[in-house]
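Taking it in order: structure first as structure tokens, then the write-up.
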Amino acid sequence: QVQLVESGGGLVQPGGSLRLSCAASTNIFIFSLYTMRWYRQAPGKQRELVAAITSANQTNYTDSVKGRFTISRDNAKKTVYLQMYSLKPEDTAVYYCNTYFRSTNSWGQGTQVTVSS
29 QVQLVESGGG LVQPGGSLRL SCAASTNIFI FSLYTMRWYR QAPGKQRELV
79 AAITSANQTN YTDSVKGRFT ISRDNAKKTV YLQMYSLKPE DTAVYYCNTY
129 FRSTNSWGQG TQVTVSS
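Residue numbers (the working numbering): 29 to 145.
Pasting the structure below:
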């Protein structure tokens with residue numbers, strides 16, 4: 029099972045920006061094969077898929093973040109990013125990195141994002 033470590037969360041005012049990072053413990057070739065996903069879970073709510081990026085760099089986003097969030101990857105660094113702009117209070121959640129590969133579902137420990145004035 030690959031280890032995923034998220035970073036970059038914090039407290040930001042509405043309208044602000046943050047960039048989350050997720051570093052994987054596997055080798056570069058295997059990482060390049062992964063579809064990587066960002067999920068989030070707000071208090072009292074179910075975990076939801078926010079964004080995903082395939083090995084071919086195809087991306088998709090949940091409707092509520094389209095035009096504000098960008099997912100990207102750097103295979104050489106074995107890292108996936110989530111750039112978040114125009115943050116809203118409803119973006120407040122714990123953000124998790126995820127990949128499902130060869131029947132193994134791997135999650136990071138999560139990073140807290142709080143959007144508040």
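Backbone N, C-alpha and C fix where the C-beta goes; we use that ideal spot for every residue, glycine too. In this text the structure is predicted, and so the values were computed from the model without any measurement.
Coil, strand or helix - residue i by DSSP
i: A52; result: strand
i: N147; result: Because the chain is modelled from 29 through 145, residue 147 falls outside the range shown and cannot be assessed.
i: L32; result: strand
i: S145; result: coil
i: L77; result: strand
i: S100; result: strand
i: S131; result: coil
Beta-carbon spacing of residue i, residue j below 7 Å
i: M112; j: F129; result: no
i: L32; j: A52; result: yes
i: Q41; j: S145; result: yes
Same chain, Cβ closer than 6 Å to residue i, five either side skipped, listed in chain order
i: I81; result: M64, T87, I99, R101
Contact set for residue i: own chain, Cβ-Cβ below 8 Å, skip 5 residues either direction
i: R47; result: G36, Y109, L110, Q111, M112
i: T90; result: E76, L77, V78, A79
Pairwise C-alpha distance: residue j and residue i
i: Q74; j: R68; result: 9 Å
i: S45; j: A79; result: 16 Å
i: L39; j: W66; result: 19 Å
i: K94; j: N133; result: 25 Å
i: T107; j: G43; result: 26 Å
i: T127; j: Y62; result: 7 Å
i: V30; j: N85; result: 20 Å
Chain-order list of residues whose beta-carbon lies under 7 Å from that of residue i (same chain, five-residue window excluded)
i: A121; result: R68, Q69, A70, V141
Give a yes or no on contact between the stretch 44-58 and the stretch 103-123, applying the rule of three or more CB pairs nearer than 8 Å. yes
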